[in-house]
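Data block below; observations after.
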Amino acid sequence: MNVILAIESSCDDTSSAVIVDGTLRSNVIASQKVHEEYGGVVPELASRAHQQNILPVVDTALKRAGVTKEQISAIAFTRGPGLLGSLLVGTSFAKGLALALGVPLIDVNHLQGHVLAHFVEPSAELIAQTPSLQGVPIRHPSFPFLCLLVSGGNSQIVLVKAYNNMEIIGQTIDDAAGEAFDKCAKVLGLPYPGGPWIDKLAKLGDPAKYPFAKPNIPAYDYSFSGLKTSFLYTLRDLLKEYGVETIDELAEKIPNLREDMCASLQATVVDILMRKLKKAASDLKINQVAVAGGVSANSALRQAFVDYGKKYRWSVFIPPFSFTTDNAAMVCQAGYFKYLDRDFCAIDEVPFAKTQI
Ligand code: KG4
152 MNVILAIESS CDDTSSAVIV DGTLRSNVIA SQKVHEEYGG VVPELASRAH
202 QQNILPVVDT ALKRAGVTKE QISAIAFTRG PGLLGSLLVG TSFAKGLALA
252 LGVPLIDVNH LQGHVLAHFV EPSAELIAQT PSLQGVPIRH PSFPFLCLLV
302 SGGNSQIVLV KAYNNMEIIG QTIDDAAGEA FDKCAKVLGL PYPGGPWIDK
352 LAKLGDPAKY PFAKPNIPAY DYSFSGLKTS FLYTLRDLLK EYGVETIDEL
402 AEKIPNLRED MCASLQATVV DILMRKLKKA ASDLKINQVA VAGGVSANSA
452 LRQAFVDYGK KYRWSVFIPP FSFTTDNAAM VCQAGYFKYL DRDFCAIDEV
502 PFAKTQI
C-alpha cells in the first residue's frame, strides 16, 4: 500500500491531504480569518496561524483517510512559490515528520500542483462527504494540453507535455488576474479576498456598462495593471462628475454602481484571459484546454470555458471548486506522481518564494 501525506502552506490556507494507492482519501483545509480586517494577507500572521493549525490539520487528514502515521510511505510538501514564512512552517513540519518516520520527502511546486489537480481521483467516501465533489464528472486531460493557471499571484498559460514536463508559454508582465480582482474590489470597499465578491455582485450587474481598457501585449503574455488603472480612473471621474468624495456617496447617486462595475470588470478580465488562450490553442493546434488556480472558481470564467469549448471544439477541463483554491489534494497528486518516479528530495531542500514551474 502506498500512502502519500501532503502538506500545503504556501499562503494563508493550511492544508493536508492523503492519497492511498492513487486515490484521494482526505483533503483538510484550515483557512485563516485573521487577514480579513487588514484587506490582504499579512505574512507574519499567516506563518503564526500555520504553526497553530498544522498539527490538527495533519492529524485530521490522517484520521479521515483511515491511516496511521506509521503507514505513511512518503511526505510531499509545497516548496514554493509562496510566502517564505508560510512555506517554512509546512517545509519544516514535513522534514521533521519524514525524519522521525524514516520516509522520503517529496518537494512539490505549487503551480504544478494546481495543474495536476486535474488528475486527482477522490474516493467514493470523500465524494459523499464533500458537496462540491458531488455530481462533477471525474475526467482527466491527456497530454499535451494547455492549462490557464489563474490565481492571486499568477496568470499563466502552461503547455503541459507530461506530469513532469510543463512549459510556461505566456504569463502576466505585471499584476495577476486575481490580484486585479482583489485590488479593484478593495477600491469598491468590498471585503478581502475580493474575487468571490466581484463574482457575486457581477451576477446583478451589466457587463457592458463600463468599457474598460484592454491591453495590447504581444504573444501569449498578459497584463492587468492598465485595466486596474482604467477601473480606478472611471471611479475617479464619476466621483468628480457627481461632486461626491466616497464610493458610498456615489453608490447612492448611481443605482447599481458596484454591481455594474463588478460585471464590467469581470467581463473584461475573462475576455482578456480567453482571447490569449484561444490564440495559443489555435497556434499550437491543441484542443484540450484546462483551467486551474483560485480564479478558476469564477463563474463567468467557467462559463466562458464551456462556451469556447462548444465554439472551438475544445475538450475543456474545469476542476471542482474544492480543488481550485489552495489545497493539499493537488500537492498530494503531484507528490504521488513523483513518488511513482522515485523522485525524492534532500532533507536540506529549502523553500523558494518566486514563480517558477
Ligand atoms: O489559488 P489561490 O487560492 O491563491 C493563490 O493566489 O495562491 O487564488 C486566490 C485568488 C484570489 O485573488 C481570489 O480573489 C481569487 O483567487 N478568487 C476569485 C474567485 N474565488 C477566488 N476570483 C474571481 N472569482 C471567484 N469566484
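Here my numbering = 1-based position in the sequence shown + 151.
We treat Cβ as the ideally placed atom computed from N, Cα and C, and that holds for glycine.
Because the structure is a prediction, the values reported are computed rather than measured.
Asked, Found
"Suppose you measure from the CA of residue 434 to the CA of residue 343; what does that come to, to the nearest Å?", "37 Å"
"In this structure, does DSSP put residue 349 in helix, strand or coil?", "helix"
"Measure the C-alpha to C-alpha separation of residue 304 and residue 222 and round it to an integer number of angstroms.", "35 Å"
"Among the candidates 300, 497, 234, 361, whose CA atom is the shortest distance from the CA of residue 505?", "234"
"Considering only their Cβ atoms, is the gap separating residue 478 from residue 313 smaller than 9 Å?", "no"
"What are the partner residues of residue 231, as DSSP defines its beta bridges?", "260"
"In the DSSP assignment, find the unbroken beta strand (DSSP E) run with residue 399 in it and report its ends.", "Run containing residue 399: none in the beta strand (DSSP E); it sits in the alpha helix (DSSP H), 398–404."
"Using the three-state DSSP reduction, which class does residue 355 fall into: helix, strand or coil?", "coil"
"Can you grab the Cα-Cα spacing for the pair residue 185 / residue 207, in whole Å?", "18 Å"
"Quick one: residues in its chain with C-beta nearer than 7 Å to the C-beta of residue 204, no 5 flanking neighbours on either side, listed in chain order?", "165, 181"
"Would DSSP call residue 316 helix, strand or coil?", "strand"
"State whether the segment 455–471 contacts the segment 240–259, with contact taken as three or more CB pairs (one from each stretch) at a distance under 8 Å.", "no"
"Find the nearest neighbour of residue 347 within the set 265, 416, 244, 196, judged by alpha-carbon distance.", "416"
"So if DSSP puts residue 370 in a beta bridge, which residue, or which two residues, is it bridged to?", "Per DSSP, none; premise fails for residue 370."
"According to DSSP, what are the bridge partners of residue 165?", "181"
"Is residue 282 close to the ligand KG4? I mean its beta-carbon at under 8 Å from any heavy atom of the ligand.", "no"
"Determine the DSSP secondary structure at residue 157, reduced to helix, strand or coil.", "strand"
"Which whole-angstrom value is the C-beta distance of residue 155 and residue 225, which I expect to be below 8 Å?", "6 Å"
"Counting along the chain, where does the alpha helix (DSSP H) carrying residue 378 start and finish?", "376–393"
"Nearest-angstrom Cα distance between residue 210 and residue 286?", "29 Å"
"Report the three-state DSSP secondary structure of residue 321 (helix, strand or coil).", "strand"
"Identify the residues that DSSP records as bridge partners of residue 273: which are they?", "175"
"So, helix, strand or coil for residue 302, using DSSP?", "coil"
"If you reduce the DSSP assignment to three classes, tell me which class residue 454 lands in.", "helix"
"Does DSSP put residue 364 in a helix, a strand or coil?", "coil"
"May I ask which residues mark the beginning and end of the alpha helix (DSSP H) holding residue 418?", "408–435"
"If I follow the unbroken beta strand (DSSP E) through residue 439, where does it start and stop?", "439–443"
"Determine the burial state of residue 484: buried for a count of at least 16 other Cβ atoms within 10 Å of its Cβ, exposed for fewer.", "buried"
"Can you check which of these residues, 431, 492, 422, 472, is closest to residue 458 by C-alpha distance?", "422"
"Would the beta-carbon of residue 153 fall within 9 Å of that of residue 473?", "no"
"Which class does residue 224 belong to by DSSP, given the choice of helix, strand or coil?", "coil"
"May I have the straight-line CA-CA distance separating residue 324 from residue 450, to the nearest angstrom?", "25 Å"
"How long is the line joining the alpha carbons of residue 275 and residue 384, rounded to whole angstroms?", "50 Å"
"Among all the DSSP beta bridges, which residues are the ones paired with residue 297?", "310, 440"
"Using C-beta distances below 8 Å, list every residue in its chain close to residue 308, excluding the 5 sequence neighbours before and after it, in chain order.", "297, 298, 299, 300, 319, 320, 321, 322, 371, 427, 428, 431"
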